[in-house]
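Undergrad: Mind the numbering: the sequence shown is residues 108 to 468 in our numbering, read in order. Quick one: structure below, then a few questions.
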Amino acid sequence: MVCRLQKSLYGLKQASRQWNAKLTEALMLAGFEQSKFDYSLFVKKKEGKMVIILVYVDDLLITRNDMDMINDLKGVLNQNFKMKDLGDLRKEKVALTPLEQNQKLTTAEYDEVVQQHQDDKLLEDKAVYQRLIGRLIYLTHTRPDITFAVTHLSQFMQSPKQSHMEAVLRVVRYIKKEPGLGIFLKAFNKHQLVAYCDSDWASCPMSRRSVSGFCVHLGDSLISWKSKKQCTVSKSSAEAEYRSMATVTSELVWLSGLFKELEIVGKPMKLFCDNKAALQIAANPMYHERIKNIEIDCHFIREKIQEGLIATEHVPTVDQLADVMTKALESQEHSHLISKLGLKNIFIPPIEGGVERIISW
């Protein structure tokens, strides 16, 4: 016997897509427009008023400049779905250590093992390593300070060794030291996108590929960042930096289109790079035998500069904020750069007897 369903059932392969289509239809009938740059974003504008919805599966985050429009939206949602209002989004959440309690976080022999690679055996149970890396990857969405380390260690998911596990545990120990570190977004910001990009040339000892990294600020608030190994080998540090510039340019073009839909229009976006040769390649559209191997798609950065969409500037290496996305730094330099990125300890420890309690991890 074959049964034809009148609607999708929860748990089926198509259920999530059907739910998204149903929600999208209801919102568009209510006058919302779906963003062309982010399909989970819906915007409704009316007489200078605006309400914005961000959808994550069946959770909706709503913001507005008019409370009446939110009340109207809640009425529409209640008519079409069973909805629960969870109230204002206020409380921050500290990073809970993704380990069992009292598990050992490091060993005294760690540095010696990493340097000499003696007795560096494969882990017997790689699932433990994979679960831990998965939790850390999730945490990188709000902790850019661990992005490079987690990106690097995630390369060894299939064949992790003891030294890799030791390195992951050191990342966990770092998180446990400051669980409340997070991104601070200012209520009032300049409508100016500023990006920093950097690369570490041929840093991968296995493939000799370079690592690209960038961070993007809206005014003084960090809104986007990335650390990723490049897809091909670069013949020079200038080429590696130029590829990084192309990567962040793609991000800036996308953000520019998204902000236009939200009626956020700023000045030409600034792109800071610490490699003068890469800046000259981007500024001067001339043929040179040393860069003829660079793919055509990387050169679209020149087009965006000529259009006036992006303005490139040189930044000294000591002030290069994206450095934290491309390489492991010393403790003092790492702390300096993440503070410049805008990360702050947003978790306030509880107060007992009028004296601030310092939590020792």
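In this text, a Cβ means the ideal position worked out from N, Cα and C, and glycines have one as well.
Just tell me which of K451, H421, S343 has its CA closest to the CA of E285.
TA: Residue K451 is the option with its Cα nearest to E285.
Undergrad: Closest to V431 by CA distance: which of V422, I445, Q439 is it?
TA: The candidate whose alpha carbon is nearest that of V431 is I445.
Undergrad: Quickly, what does DSSP pair H324 with across the bridge? List them, please.
TA: For H324, which the question treats as bridged, DSSP gives the partners V301, L329.
Undergrad: Residues in the same chain with beta-carbon distance under 7 Å from S317, minus the five sequence neighbours each way, listed in chain order, please.
TA: Closer than 7 Å at the Cβ level, and outside the excluded window around S317, lie S306, D307, W308, A309, S310, Q337, S341, A347.
Undergrad: Tell me whether L119 is buried or exposed, calling it buried when 16 or more other Cβ atoms sit within 10 Å of its Cβ.
TA: Exposed, since its Cβ has fewer than 16 Cβ neighbours within 10 Å.
Undergrad: Spell out the partners DSSP gives R171 in its beta bridges.
TA: Partner(s): V158.
Undergrad: How far does the alpha helix (DSSP H) with I408 in it extend, from its first residue to its last?
TA: Unbroken alpha helix (DSSP H) run through I408: 407 to 413.
Undergrad: Going by CA-CA distance only, name the one from M135, Y349, D327 that's closest to R409.
TA: Nearest option by C-alpha distance: Y349.
Undergrad: Determine the direct distance from the alpha carbon of M272 to that of T213, and round the result to whole angstroms.
TA: Confidence at T213 is low in this model, with a pLDDT of 45, below 50, so the placement of that residue should be treated as unreliable; the coordinate-derived value is given next. Their backbone Cα atoms lie some 9 Å apart in a straight line.
Undergrad: Kindly indicate the opening and closing residues of the beta strand (DSSP E) around K233.
TA: Taken as a continuous stretch (DSSP letters only), K233 belongs to no beta strand (DSSP E), being part of the alpha helix (DSSP H) at 233 to 246.
Undergrad: Answer yes if the segment 180 to 199 comes into contact with the segment 129 to 144, meaning at least three C-beta pairs across the two stretches below 8 Å, and no otherwise.
TA: With the cut-off at 8 Å, the segment 129 to 144 and the segment 180 to 199 touch.
Undergrad: By DSSP, does Q337 sit in helix, in strand, or in coil?
TA: Residue state, collapsed to three classes: coil.
Undergrad: Quick one: what does DSSP say T433 is sitting in, helix, strand or coil?
TA: Coil.
Undergrad: Taking only the alpha-carbon atoms, compute the straight-line gap between K374 and I417 and give it to the nearest angstrom.
TA: Computed Cα separation, rounded: 9 Å.
Undergrad: Quickly, what does DSSP pair T419 with across the bridge? List them, please.
TA: L378, per the DSSP bridge assignment.
Undergrad: If I'm right that F321 touches A429 with Cβ under 8 Å, what's the distance once you round it to whole angstroms?
TA: Correct: roughly 5 Å between the Cβ atoms.
Undergrad: Once the 5 residues before and after D227 are set aside, which same chain residues still bring their CB inside 7 Å of it?
TA: Here the set comprises V220, K268, Q269, S270.
Undergrad: If you measure between the beta carbons of K411 and T354, is that distance less than 8 Å?
TA: No.
Undergrad: At which residues does the alpha helix (DSSP H) containing F255 begin and terminate?
TA: Residues 254 to 260.
Undergrad: Roughly how many whole angstroms lie between the Cα atoms of N127 and L193?
TA: Taking the straight line from one Cα to the other gives about 20 Å.
Undergrad: Mind reading off the beta-carbon distance from E358 to S331? Whole number of angstroms is fine, and I expect it under 8 Å.
TA: Right, their Cβ atoms sit about 6 Å apart.
Undergrad: So which of V235, M352, Y146, K367 has the shortest CA-CA distance to C380?
TA: For the residues V235, M352, Y146, K367, the minimum Cα distance to C380 belongs to M352.
Undergrad: With DSSP as the reference, please indicate the residues paired to D307 in a beta bridge.
TA: According to DSSP, D307 bridges with V318.
Undergrad: Keeping to the same chain, check which residues put their C-beta closer than 8 Å to that of V372; ignore five residues upstream and five downstream.
TA: Only H298, F366 meet the Cβ criterion.
Undergrad: Alpha carbon to alpha carbon, how far is R124 from Y163?
TA: One C-alpha to the other measures close to 13 Å.
Undergrad: Consult DSSP for G449 and reduce its assignment to one of helix, strand or coil.
TA: Coil.
Undergrad: Going by DSSP in three states, Q427 sits in which element: helix, strand or coil?
TA: Coil, per DSSP.
Undergrad: Just mark M376 as buried or exposed, buried being the case when its beta carbon has 16 or more other beta carbons within 10 Å.
TA: By the 10 Å Cβ count, M376 comes out buried.
Undergrad: Please report the straight-line C-alpha distance between E440 and T424, rounded to a whole angstrom.
TA: One C-alpha to the other measures close to 12 Å.
Undergrad: Which one or two residues does DSSP pair with Y163 in a beta bridge?
TA: Answer by DSSP bridge pairing, in chain order: D166.
Undergrad: For F263, which three-state DSSP category applies?
TA: Helix, per DSSP.
Undergrad: Along the beta strand (DSSP E) that carries F149, what are the first and last residues, could you check?
TA: Its beta strand (DSSP E) spans residues 148 to 153.
Undergrad: Rank C110, M108, T170, Y146 by C-alpha distance to the C-alpha of K152 and give the top, closest one.
TA: Out of C110, M108, T170, Y146, T170 has the C-alpha closest to the C-alpha of K152.
Undergrad: Just list the residues that DSSP pairs E140 with in beta bridges.
TA: The partner list for E140 (beta bridge, DSSP) reads V150.
Undergrad: Quick test of your reading: L378 and P251, contact by CB under 8 Å. State the CB separation rounded to the nearest angstrom.
TA: That belief does not hold up - the Cβ atoms of L378 and P251 are roughly 18 Å apart, past 8 Å.
Undergrad: Provide the residue(s) that pair with K268 in DSSP beta bridges, ordered along the chain.
TA: According to DSSP, K268 bridges with L229.
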